[in-house]
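Those letters in the sequence shown? Residues 1 to 126, by the UniProt record's numbering.
Every residue gets a Cβ at the ideal spot worked out from N, C-alpha and C, and that includes glycine.
Owing to the predicted nature of the structure, the values given are computational and were not obtained by experimental measurement.
One structure is given below, encoded as structure tokens.
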Amino acid sequence: METILARSQVLGPAPMHGLSPEVREALLEVRSEQQRASDVIAELNRNIGAQQADLKRMTDQIEALTAKIESLQSSLAAASAPPVSSPPAAQSASKLAKRAVQPSKPEGPISVGGAPLIPEPGSGQH
Numbered sequence: 001m002e003t004i005l006a007r008s009q010v011l012g013p014a015p016m017h018g019l020s021p022e023v024r025e026a027l028l029e030v031r032s033e034q035q036r037a038s039d040v041i042a043e044l045n046r047n048i049g050a051q052q053a054d055l056k057r058m059t060d061q062i063e064a065l066t067a068k069i070e071s072l073q074s075s076l077a078a079a080s081a082p083p084v085s086s087p088p089a090a091q092s093a094s095k096l097a098k099r100a101v102q103p104s105k106p107e108g109p110i111s112v113g114g115a116p117l118i119p120e121p122g123s124g125q126h
């Protein structure tokens, strides 16, 4: 398309003598549309250039933000990493002591289902 426009601009206006008024009018309309198309193409090229510049700017900003995020994540990971050490011996001993303690077994008669308890003879209970 640009080649056609360039050729028509280089050649300049064609001589219009000997052409009918309808053909002259059609030729002028074609030239006018060619100029409009050329203007639109130029505007599109300017817009593409501006968009490419915006894209480059945004890409640079994203790269900078990504670097900052990675830096913050690595410093946060280093700051929040728990120290690698064994738990204190006293804490381990208390856990063992808790496991060793067994619940006491009740002594004496046990009521099952809410039945009244009858003391066994010689148990000393009244």
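Asked	Found
What is the DSSP secondary structure of Ser80, reduced to helix, strand or coil?	helix
Taking the straight line between their C-alpha atoms, what separation do you get for Glu33 and Glu63?	44 angstroms
Tell me the rounded alpha-carbon separation between Gly49 and Ser80.	46 angstroms
Which value, in whole angstroms, describes the spacing of the CA atoms of Ala37 and Thr59?	32 angstroms
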